[in-house]
Amino acid sequence: MLLILLAVLILHLIILVLLFVSTIANAWTVGGTKNTDLWYSCLTTKGGYHCSSASNEDWIQAVQALMVLSVLFCLFSLVFFMCQLFTLVKGGRFFFTAVFQILASLFVMCGAIIYTVMRPDGEEDAAFGFAYILAWVSFPLCLVSGLIYIVLRKRE
Amino acid sequence: MLTILALASVILLGIVPQQSEAIVIYTGWERHALVGSDIRLSCSFFSWRWTSDDVTFSWSYRPDGARDAISVFHYTGGAPYVDNKGPFRDRLEFVGNPGRRDGSILLKNLDYGDNGTFTCDAKNPPDIVGRASSVRLLVFEKVPIQAGVITGSIIGAVLGLLLLIVVIYYLMRFLVARRVFNLSVSKHGKKGKGKEGSQQRQ
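Here the protein sequences line up with chains A and B, keeping their order.
Numbered as in this note's numbering, the first sequence ends at 156 without a single skipped number.
Numbered as in this note's numbering, the second sequence ends at 358 without a single skipped number.
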């Protein structure tokens with residue numbers, strides 16, 4: 001029992017870290033000396049690192065909001081997990097935790113889909129960066145974690 | 157001990173500003189406006205001294221891409237002097253109140269050529285040491301949504317909805333707890349007697 005609990009907790013923490021890094025790192029699109037989105041558009045030249053704000057378009061702001069919300073909801077579900085560990089009756093399920101975790105995974109999914117669809121193509125050597133890949137990796141992990149919380153029951 | 161410390165700090169604070177007074181000027185950072193509209197560029201200052209009669213305000217304009225700035229407005233000796241030869245001839249108006257440390261100007265009928273940096277410099281003798289403050293004017297055909305507005309509103313809306321759901325949940329729980337008495341009494345057949353029944357039980 002303790003082992004399962006520890007494993008679930010470690011998974012949750014890993015997901016939180018992945019979401020955080022994906023949101024913060026400015027590497028959703030990289031290509032040569034340029035890396036763009038989600039927050040800045042940066043160019044590395046011989047003189048240094050030149051950054052300007054990412055475009056103001058509606059879809060980028062929506063992706064920003066969805067990623068931030070997913071990090072927040074993952075954090076809330078961690079807090080609720082800690083709470084419910086001590087306050088749940090024997091045999092109860094972690095519904096609150098599961099709901100927030102599944103919502104977090106939905107937000108990541110929506111954010112990643114919007115970014116994939118709306119990204120302007122036609123730019124030479126513009127490939128998806130590691131932050132984008134982390135977002136897609138954390139979506140199924142988050143969903144699985146939420147489902148585990150639905151199935152998990154509290155004992156003793 | 158504490159009173160000595162308090163007295164010492166008050167005396168020190170009283171002495172120090174005499175030697176390092178500086179006037180601090182506030183303007184905006186960036187202003188967005190539509191072509192053809194009017195815009196008010198605000199300028200105010202903070203100074204340890206009272207507002208003197210010789211207070212001066214001075215606005216200068218540097219177009220985007222140019223290196224030199226030209227002076228477009230000056231207030232001195234109690235009278236404003238607006239631009240009558242330059243790019244803002246007949247388009248500039250003084251709408252500030254020097255007595256209240258406000259040196260704002262109004263630009264009318266903006267055009268794309270008005271993009272640039274406006275610098276306000278204010279002096280409040282004898283408090284004259286200070287750094288001028290600049291505001292950038294951007295003229296658009298259609299004002300774009302500023303960065304972060306949509307982001308903030310989506311996050312705020314979702315968190316607000318969450319809060320609302322939590323509040324409604326606890327409200328429902330509270331109401332159902334009060335109606336529990338009504339429900340059990342109605343089992344006996346009389347729904348209208350709900351409140352009386354609960355009072356009897358209490």
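Every residue, glycine too, gets a C-beta built ideally from N, C-alpha and C.
CB-CB length for residue 217 of chain B against residue 274 of chain B, believed under 8 angstroms
About 5 angstroms separates the two Cβ atoms, so the contact holds.
Whole beta strand (DSSP E) runs in the segment 171 to 218 of chain B with 3 or more residues, listed along the chain?
Taken in chain order, the complete beta strand (DSSP E) segments of 3 or more residues contained in the segment 171 to 218 of chain B are 179 to 183, 186 to 190, 195 to 197 and 199 to 202.
Restricting to runs no shorter than 3 residues, where is the beta strand (DSSP E) found entirely within the segment 102 to 130 of chain A?
Segments of the beta strand (DSSP E) lying fully in the segment 102 to 130 of chain A: there are none.
Mind checking if residue 273 of chain B is an interface residue toward chain A, Cβ cutoff 8 angstroms exclusive?
No - not a single Cβ of chain A is within 8 angstroms of the one on residue 273 of chain B.
Using a beta-carbon distance below 8 angstroms, is residue 184 of chain B in contact with chain A?
Against chain A, the CB of residue 184 of chain B has no partner CB under 8 angstroms away; the residue lies outside that interface.
Run the CB neighbour count on residue 18 of chain A, radius 10 Å, all protein chains shown included, and call it buried at 16 or more, exposed below.
Taking all protein chains shown into account, residue 18 of chain A has 16 or more neighbouring C-beta atoms within 10 Å of its C-beta and is therefore buried.
Please look up how many angstroms separate the CB atoms of residue 94 of chain A and residue 81 of chain A, rounded, as I've assumed it's under 8 angstroms.
About 6 angstroms; that satisfies the 8 angstroms criterion.
Would you kindly work out how many angstroms separate the C-alpha atoms of residue 28 of chain A and residue 21 of chain A, rounded to a whole number?
Spanning the two alpha carbons is a distance of roughly 11 angstroms.
Give, in chain order, every residue of the segment 274 to 303 of chain B whose Cβ lies closer than 9 angstroms to some Cβ of chain A.
Taking 9 angstroms as the Cβ-Cβ cut-off, the segment 274 to 303 of chain B approaches chain A at 300, 301, 302 and 303, given in chain order.
Please list the segments of the beta strand (DSSP E) lying wholly inside the segment 275 to 315 of chain B, counting only runs of 3 or more residues, in order along the chain.
With a minimum length of 3 residues, the continuous beta strand (DSSP E) runs that stay inside the segment 275 to 315 of chain B are 289 to 296.
CB contact flag (residue 114 of chain A, residue 39 of chain A, <8 angstroms):
No. Outside cutoff.
If we count Cβ pairs, one from each stretch, closer than 8 angstroms, do we get three or more for the segment 131 to 140 of chain A versus the segment 179 to 198 of chain B?
Result no; under three Cβ-Cβ pairs closer than 8 angstroms.
Skipping 5 residues on each side, what residues in its chain have a beta carbon closer than 6 angstroms to that of residue 230 of chain B?
Around residue 230 of chain B, the same chain offers 214 and 237 as residues with beta carbons nearer than 6 angstroms, after the five sequence neighbours per side are excluded.
Note down the Cα distance separating residue 154 of chain A from residue 76 of chain A, rounded to an integer number of angstroms.
If you take the alpha carbons of residue 154 of chain A and residue 76 of chain A, they lie about 19 angstroms apart.
From residue 332 of chain B to residue 185 of chain B, what does the alpha carbon distance come to, in whole angstroms?
Distance between the alpha carbons of residue 332 of chain B and residue 185 of chain B is about 54 angstroms.
Just checking: is the beta-carbon of residue 310 of chain B within a distance shorter than 8 angstroms of some beta-carbon in chain A?
Output row for residue 310 of chain B: interface = yes.
Nonlocal neighbours in the same chain, by C-beta distance under 7 angstroms from residue 148 of chain A, ignoring five residues either side:
Counting only Cβ-Cβ distances below 7 angstroms, and skipping sequence neighbours, we find 8.
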